[in-house]
Structure formats: C-alpha cells, structure tokens
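All remarks here apply to the structure that follows.
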Amino acid sequence: MDVKRRGRVWAGALVAAVVVLGIGTYWFQPWKLWRDETVSEALPTAAAPQRPAGSSGGSGSPDASGPRTLAQGTLISHEHATTGTAKLIRLADGSHTLRLEGLDTSNGPDLRVWLTDAPVKEGVAGWRVFDDGKYVSLGKLKGNKGDQNYEVPADVNLADYSSVTIWCDRFDVSFGAAALTPA
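Every letter in the sequence shown is one number past the one before it in numbering that gives the first Met the number 0, and letter 30, counting from 1, is 29.
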C-alpha cells in the first residue's frame, strides 16, 4: 500500500472515530454524572373548595384540613445509588401530588418520574420491570437531589398504581424505585 493511500485510510478512520465519539457522547451524556441539580420545592398548597352553607362535605369531598399523605415508600437503588422518600399526597382541593423528599440519585439523560403497577424488586432483577405493565409518566425529573413535587393527572386512578420509579427513558432502566404502601 502506498503512502498516499495509507494516509487516506487513516484520515477516513479518524473521521469515523470522531463521528462515533460525537454520537456516543450525545447519547450517553457522561457529563451529567458529575453535575448535580438540586431542587427545593415546598409542598404545594391548594385552597379547599368553598362549600355551600349547611353542607356537611360527605366522604367524597376533598379534605379541608390540608394535605394528607395517602401512601409512601422508601426509594431503593437500582442502576444507580438512589435514596429518599416518595409520598402520594392528596391536597385540600382533592388533587394529588407525588412528592419526592430527600432524593439523592445520579443525574442522567432523559430521566422521568413514573407511577407504575410493577412490584419493586431489589437488585438487577428490578432494573427493567417498570415498563412491562401499566405506568403513567409524571414528567421529567426536575433534579437529581432535593425535594420536588409532581402533579398527578386528575384522570389517573391511584388504585391502579403501587410503585414509583426514577426511569431512564433513554436506556429503559430504573435508577431507583419505591413501593407505595398506605400511610
């Protein structure tokens, strides 16, 4: 092989390597592993609805006494070390919020907060179970550390969901999860 041809082969290989490195860097976003995003949201307050004079506000009425924890669980680690507490809270107006308190996990690409019907399993066995059944995405993870709230859509039947996961949509893996048990 002559020198000129060998130079073209090396230049082609170098261009291919740069393209592969660029795509890999975009896909994995490794810089996120060293960049923490802390969120410190207070529990949302929702005013209790006004009741007509003389109404007693039966069992189907929102709780006027304020926010009430319906279910909660402790986050366990899956793909990445994860700690904190997940709480499903009914606000005074009857709406629901999922609250993550003391969350501490790794940052990563395309992280979501999901309510799921999957059982929470320890270790590698639990990494990929959450997209096998029913789930609802509550949105992108706001930060990998701190306290944060996620509004649960009004049409979600909470009885259908028994766990929460911090889900990496890019790689279809759970960073951490919590089984929700009645409070």
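The beta-carbon is built from N, C-alpha and C at its ideal position, and this holds for glycine as well.
Keep in mind it's a predicted model, so treat the numbers as computed, not measured.
Candidates 75, 67, 81 and 72, of which the one nearest residue 88 by Cα: 67
Own chain partners of residue 125 with C-beta closer than 7 Å, once the 5 adjacent residues on each side are dropped: 77, 119, 173 and 176
Burial state of residue 163 (16 or more Cβ within 10 Å): buried
Residue 12, DSSP secondary structure in three states: helix
6 Å Cβ shell around residue 168 - same chain, five flanking residues per side excluded: 109 and 111
Spatial distance of residue 39 from residue 146 (CA atoms): 5 Å
Identity of the residue in 103, 96, 138 and 13 nearest residue 36 by Cα: 103
Residue 139 beta carbon less than 9 Å from that of residue 160: no
Spatial distance of residue 34 from residue 106 (CA atoms): 7 Å
Residue 96, buried or exposed, once every other Cβ within 10 Å from all chains shown has been counted against 16: buried
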